[in-house]
Every structure is written in structure tokens, then in C-alpha cells.
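Enquirer: Sharing a structure here in C-alpha cells format.
2 protein chains.
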Amino acid sequence: MSVGVVTEQSLTIDTGLRLESGRILAPITQVYETYGTLNAAASNAILVAHAWTGSAHLAGRSSAEDAKVGWWDAIVGPGRLLDTDRYFIICPNVIGSCYGSTGPASINPKTGKRYNLTFPVITVRDMVRAQALLLDHLGISRLVTVLGGSMGGMQALEWATQFPDRVCSVIALATTPAPSPQAISLNAIARWAIFNDPDWKKGEYRKNPKDGLALARGIGHIAFLSDESMQAKFGRRYAARDGLFDFFGKFEVERYLNYNGYNFVDRFDANSFLYLAKALDLYDVALGYESLQEALEQIRVPLQLFAFSSDWLYPPHYTEEMVKVLESIGKDVDYHLIPSPYGHDAFLLEHETFTPQVKAFLERVTPGGP
Amino acid sequence: MSVGVVTEQSLTIDTGLRLESGRILAPITQVYETYGTLNAAASNAILVAHAWTGSAHLAGRSSAEDAKVGWWDAIVGPGRLLDTDRYFIICPNVIGSCYGSTGPASINPKTGKRYNLTFPVITVRDMVRAQALLLDHLGISRLVTVLGGSMGGMQALEWATQFPDRVCSVIALATTPAPSPQAISLNAIARWAIFNDPDWKKGEYRKNPKDGLALARGIGHIAFLSDESMQAKFGRRYAARDGLFDFFGKFEVERYLNYNGYNFVDRFDANSFLYLAKALDLYDVALGYESLQEALEQIRVPLQLFAFSSDWLYPPHYTEEMVKVLESIGKDVDYHLIPSPYGHDAFLLEHETFTPQVKAFLERVTPGGP
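As C-alpha cells, then:
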């Protein structure tokens, strides 16, 4: 069952946050949604962390007339994987985003203008540290789990390493201990596409630089799909109305990238896209530690990790590297490689596949329910 | 030994060529280089076909002062794989290119202006049909072999299927019977990057649209490398002089893409890049046949095929699909999967690995030499 109509909430902390870069971001606002009811002991909370272009609107509808449900509605609600009859689910929008939390498109109260490129570079660790402040406000000292895919999985790893006392477990899907040079290079191309757009104006645009941002998003779609899923979806089909020998004729896969790229322009801020791409590229669970092992030694709770066979953005072998280290130092890690043709997007599409495993894991870490 | 100083030659055919699209391209000029000596029977000729941004300058130096040798010098010369003491080697520049053969940057004699986008869309089959005219001019009725990698491999396949009587064998490396939707999508992004550049002016530029073309080339480099080779070359190293938290700070892999992208602008014409990208995407050995099998049934000579394990642009399994069909219809195919970390670029870098196999193949198809 769906959670029905939900209302976005918001918390502003005037003292802000000291960032990893050493800069202070103040004030910080975080918007978030919650589903279910926090119990008296505040012991039934689960945080769901979103990916790059996600929002706090995880589940349900924003109004009774809303045609679309939240981005991962399928797993949240009474009787669903994250059962709102048992758990209190929180989904915060990350700082740096353009969906309500403080980001480059926010007004800097000191100047009365948008931050744009005066916004400080933020990291995934900063996002999670902001979320910890939100939990303080909600009176939650410890989470049942943090669950997330892609950048959401990075946040789960940061919860496990930076706040080992504030989680009972974490679940990370389709993520990586640190993006590979190939993953970085795809984001580099996306950045370059925006920088090339004369409408970007070094971040001081009034209207989103649409050609550059659409192209940047197009690159993302290549990374999120797989050759296998593209074969199934488009193959080498040529657009029906285009001539094969027309200079501007397009393959169906090309039309898909164009169409989705230009759609994205209406819903996401270019500077936000750039800051979050930066946070992704900089992400390294071992940053500030001597080694990956030293970082993972901080973890004191069970971890569940999922990788997807056709995910070439964050390929399984990088997760497996982390699993190997975790096992070698005796950590409680439950790893699953899910065979899937859907590439990186699999984490959003294969929920039926991993639901039994996540359910069993949650039973184990909170026997009999929270 | 190197072939020393070589001089580019040129052939113009005034009657031109009727293209696959039905349009006539006339006149056509093809520049080419040759190495070694054609024997009296004209039976010792090998054609080497270049890739996307290659040229006729396969081997040797263009002048005694030339600092650089040709693009595949390592395999051409006395005692080398393509032994110029035995073979007469021809390397033609493909039509559509900007390195001397007729392409979009050529002057249309009918208008006195550059063709630009009035240039007709050409195919790999058109390139090969132009090369057949060049062989007529050189008095060569049959080639010992056609050897090429990537788009050069596509040309080899076209020689085998379209001109089975004019070759004794073909050798194709790092190629594909037809680019996959993922490969097409990478070219789609490259095209889009150029189309987005206001300096492109729908092809009517005076100076190459540098930002768009550099970005397009950057995408190419991602496709030509592999995550494995990027790990070895750059890892996650950050540019030494850039701050980790600088908005414009760059990873080394990002600098590499930028540097090589902008270098490319000085050496390749944007419209030519677009027309050849189109030819690559349209390439399908089975175009005009009922099936891949029917296309491959045209072949009447031994084929040697190489794929490289980390080539994700034209992954080995696509070559293997073709091998399976060839074997099922009893064709003489000698297939090798070369383990290599170098991605698509491997065909240029792994020549020491495949030299013994190519040598053995050439001995077999021309026992005792031509």
C-alpha cells in the first residue's frame, strides 16, 4: 500500500555546518519527508539516502491530485519492504541539491543573492553530517538502518564509518568505496559540457544553460544504462521518420538521450548538478584514513551490500574489494551480487529481487522488530 | 627497420563514385602512401585501412626532419610484420576524412566553396568502393590481404564481403559487425557536443569549433581506453596544483581528456569528424542483406579476427557472434581473443602480441610469399 499524501518538512539550523573543506556553511536548511510514526523510544527510524538528482520525495504523493509517486515508492508503505506500520522512515534532501535543502541555487543571506559558484565544495561526508544534525532535532539517537543506492550508498557507508554509534546497520546498493577514473571521466565530460555552454556564464545564469545541461544528463543516461539494456530497449533501430542517409538522422538511442536530457533541464539546476558531481567524484570512504582498511575498521555494525552485474559505472569488483577487506578484518558483511541487465539503474528497478534479502537482514539486526 | 622518408601520392577520379545513398560524389580524390615495391605480377600488395581519425601516413617520416613516424610505423618496414622487402603496402586516406581525400572540408568544384554539410553522408562501404578504384589505377587486381583495426577492421570486412575476388584474405582487429547502441550513444554525445558549440554554425565555420570538438574527442578517449588502463595511468590522482576543494580543481584523468581534446582541434576538421562518426554508427556488415549470415556467406577467403579483452567500445562478444556464424557456415576464420588492459586502443599497442599470429596467417594464405 502507498503512504498516501505526504507533506515536505524543513529544518533550518542557523549555526550551520563546518564543512570538510574547513569552510562554514550557515545557515543550512534541510527539507525532508517522513513516513510512518516514530515510536516512544525513538528506536524505529530508518533513513533513506537519495542519489545524485534525487529528492526528499521518496514515497507517496505531494497532493491528492499529484499524478506521480515518490522516486522509490515501491519499497515504502504499509506491508512494503520499509513497512511504515513498523518503521519511521526519513528521507532528507542532501545539502548541495536544488530540491529545497541549501545548495548553490539558494540565496546567501549575507549577500541577498544566489550562491552560485560562491557556494563551497561539499562532500558526501558533509551531507551525512548535516543529516546527523537533523536526527538530533528529531530526537533520534540511533537509526535502525540507513539504506541507499549510488550516492545514497555512499551516504550509508559514511554513516557506518563516521557515526558507528548512531546506526544499528547500513544497507548500500550499487555504490563504490570511491569512483573509478572511468566514472570520474564521465562526470568530467558532463562538467565540460556545461562549462562549454555560453548560457552557463560561470554559474551566473538566470535561466538554466539548457544545451549543456541536457548533454551532461545524456552522458549520465549512458552511464546509468548498460549496453545490454540498450540492446533490449533500442538495439540499432533508426528513428522511423529520419532518413538513414540524413546528416541529422538519429538512432532511437540517440533520441532517447536527447529527449531525457532536455526534460532534465526543467527539473534540475545546473550548478547543483555540478556541485553534486564534484561530491561524487571526490567521494572516497578512505579519505582522511591511512588505508581503506583503516576506514572500514571504524564500522561496528552489520553491513549489507548489493552490486549489480551489468553496472559498469560502479562495477561489482569495486564493492567486492571492500567486501574482501571487511571480511579480512572480521566485520559482519552480507554481500549480494544481483544478476541484472539494467546497469547502474538496477538498484531502482530490481527491488523485487533484493527485497527478501533486505527483509531477512533487517530481521536479523532488529529481531522481532524495533 | 623503418621505411624512411615517404611521399604522399594522390589520385583524382573525375567521374567520382555513386554512393550507397544514391548520390554521386564527383570528383573524388584519394591520397595514399605506399611502401615497398609492387612485383611484376602485382601479386604482393597489402592494403592497410586506417581508423576514424587516421591518415594515409601509416609509416616512415614525411621528411628527413619529421620528428614523428606514421601512425602504425611499428608494423611496416624491412623485417617488420608487413615486410616491405616482400610486400607492397598501400595505405589510402578514406573519403570523408580531412587528410587529403575528398571530404566535407574539400572544395566543391561546382560552387567553389567547401562542401561542409552539403557533403553527402558516406558509409564504410563507400570508402572501400573508392579504394577499389584506386587499386584499378595501380593495376592491382587482387590484394594479399586487407588489414585494419576499428573502422579499419570494418573496411577489411567490407573488402571480404563486397570484393571477395579482389582479396586473398582479410585481417580485422578490434572491430564489430555493427556498433552496439552503447557505442552509438557515445558518438551521439560527441555529435551533440559539436552541435552545441555556437562556433560550429551548422558546419559553416571558418575556424574549427574548438570547445565542442575538444569535448567530442574527450568522449572518444574514454571509449578508447578502459577503466583498467585509466587505473594504471591515472588512478584517482588529483592534479598536484589544484585544491581538492576547488570548484575547478581537476583529477589527472580529467586533465588528460582536456589536454588531448584541445590538441585534437589543431589536427582534425569538425565536419569530417561528424561525417566519419556517422559512417561508424551506420556501419553494419549485414546492411542490404537478409541476415548477418547472408552477408558473411559472400566471403570466399580466409579471415583472421582479433578482439581485445578490455575493449568495451567494440566488445569481444560482438566479434564472437560473427565468428560463430562464420564457423556455422564453414568459413575459414582464425579468431584470437587477446588479453589486454588497453581497451579499444589495444589494437595499436599490442602489435607484439599479435605479430606471430598474423605472420603465421599470412604464411598460410600466401605460402612461400607472394
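Note that the protein sequences, when read in sequence, are chains A and B.
For the first sequence, counting from 1, position 336 maps to 336 in our numbering; every step adds exactly one.
For the second sequence, counting from 1, position 316 maps to 1316 in our numbering; every step adds exactly one.
No residue lacks a Cβ here, since even glycine has one placed at the ideal position from N, Cα and C.
Keep in mind that this is a model prediction, so the values were computed, not measured.
(1) Give the secondary structure of A:Arg-61 by DSSP, where H, G and I count as helix, E and B as strand, and everything else as coil.
(2) Could you confirm whether any beta carbon from chain B is found closer than 8 Å to the beta carbon of A:Met-151?
(3) Report the three-state DSSP secondary structure of A:Ala-307 (helix, strand or coil).
(4) Just to confirm, is the Cβ distance from A:Arg-61 to A:Val-48 under 8 Å?
(5) What residues from the region 172-184 of chain A come within 7 Å of chain B, judged by C-beta to C-beta, listed N to C?
(6) Hey, B:Asp-1281 and B:Ile-1184 are a contact pair by Cβ (cut 8 Å); roughly how many whole angstroms apart?
(7) Would B:Glu-1204 count as contacting chain A if we go by Cβ distances under 8 Å?
(8) Under DSSP, the alpha helix (DSSP H) around B:Glu-1158 begins and ends at which residues?
(9) So A:Pro-78 and A:Met-1 are supposed to be a Cβ contact under 8 Å. How far apart are they, rounded?
(10) Can we say the region 142-151 of chain A touches the region 285-297 of chain A, given the rule of at least three CB pairs closer than 8 Å?
(11) Measuring CA to CA, which of A:Ala-59, A:Thr-29 and A:Pro-302 is closest to A:Ser-101?
(12) Let me know if A:Pro-339 comes out buried or exposed under the rule of 16 or more other beta-carbons within 10 Å of its beta-carbon.
(13) Are the CB atoms of A:Gly-212 and A:Asp-227 within a distance shorter than 8 Å?
(14) Examine the Cβ distances between the region 1229-1239 of chain B and the region 1340-1349 of chain B and report whether three or more of them are shorter than 8 Å.
(15) Per the contact definition of three or more C-beta pairs closer than 8 Å, is the region 1245-1258 of chain B in contact with the region 1025-1043 of chain B?
(16) Quick one, which of A:Tyr-335, A:Lys-324, A:Ser-328 and A:Leu-296 has its alpha-carbon nearest A:Ala-307's?
(17) Starting from the beta carbon of B:Asp-1211, find every residue of chain A whose beta carbon is closer than 7 Å, and list them in chain order.
(18) So with CB distances below 7 Å, who are the chain A contacts of B:Gly-1235?
(19) Show which residues of chain A have a CB atom less than 8 Å away from the CB atom of B:Ile-1189.
(20) To the nearest angstrom, how far is the alpha carbon of B:Tyr-1283 from that of B:Glu-1363?
(21) In whole angstroms, what is the alpha-carbon distance linking B:Val-1003 and B:Phe-1088?
(22) Quick check on this structure: which residue in B:Asn-1039, B:Val-1265 and B:Thr-1366 has the alpha carbon closest to the alpha carbon of B:Arg-1217?
(23) Under the assumption that B:Asp-1126 contacts B:Ile-1095 (Cβ atoms under 8 Å), give the Cβ distance between them as a whole number of angstroms.
(24) Suppose contacts are defined by Cβ-Cβ distances below 8 Å. Is B:Val-1090 in contact with B:Leu-1081 by that definition?
(25) On the premise that A:Ala-56 lies in contact with A:Tyr-99, defined as a C-beta separation below 8 Å, what is that separation, rounded to the nearest angstrom?
(26) Quick check: what's the CA-CA separation for B:Val-1365 versus B:Pro-1092?
(27) Considering only residues of the same chain and omitting the five flanking positions on each side of B:Val-1333, which have a CB-CB separation below 8 Å?
(28) From B:Asn-1258 to B:Ala-1190, what does the alpha carbon distance come to, in whole angstroms?
(29) On a Cα-Cα basis, can you pick out the residue from A:Pro-177, A:Glu-20, A:Asp-165 and A:Leu-58 that is closest to A:Gln-9?
(30) Do A:Asn-116 and A:Arg-86 come within 8 Å of each other at the CB atom, strictly closer than that value?
(31) Using alpha carbons as the reference points, say which of A:Tyr-35, A:Thr-111, A:His-50 and A:Gln-131 lies closest to A:Ile-13.
(32) With DSSP as the reference, identify every bridge partner of A:Phe-88, one or two as the case may be.
(33) Using the three-state DSSP reduction, which class does B:Ile-1189 fall into: helix, strand or coil?
(34) Name the chain A residues that come within less than 9 Å of B:Val-1128, Cβ to Cβ?
(35) Near B:Tyr-1262, which residues of its chain fall below 8 Å by C-beta distance, leaving aside the five closest residues on each side in sequence?
(36) By the criterion of Cβ-Cβ separation under 8 Å, what are the contact partners of B:Gln-1231 in chain A?
Expert: Let me spell this out:
(1) strand
(2) no
(3) strand
(4) no
(5) Ala-178, Ser-180, Pro-181, Gln-182 and Ile-184
(6) 5 Å
(7) no
(8) 1151-1162
(9) 4 Å
(10) no
(11) A:Thr-29
(12) exposed
(13) no
(14) yes
(15) no
(16) A:Tyr-335
(17) Asn-196
(18) Pro-181
(19) Ile-189, Leu-215, Gly-218, Ile-219, Ile-222 and Leu-257
(20) 30 Å
(21) 12 Å
(22) B:Val-1265
(23) 7 Å
(24) Checking the sequence shown, residue 1090 of chain B turns out to be Ile, not Val. Cβ distance not < 8 Å, so B:Ile-1090 and B:Leu-1081 don't count as in contact.
(25) 7 Å
(26) 23 Å
(27) Pro-1302, Leu-1303, Gln-1304, Leu-1305, Val-1323, Leu-1326 and Glu-1327
(28) 14 Å
(29) A:Leu-58
(30) no
(31) A:Gln-131
(32) A:Ala-45
(33) helix
(34) Neighbours of B:Val-1128 on chain A: none; closest Cβ ~17 Å, over 9 Å.
(35) Lys-1210 and Ala-1214
(36) Ser-180 and Pro-181
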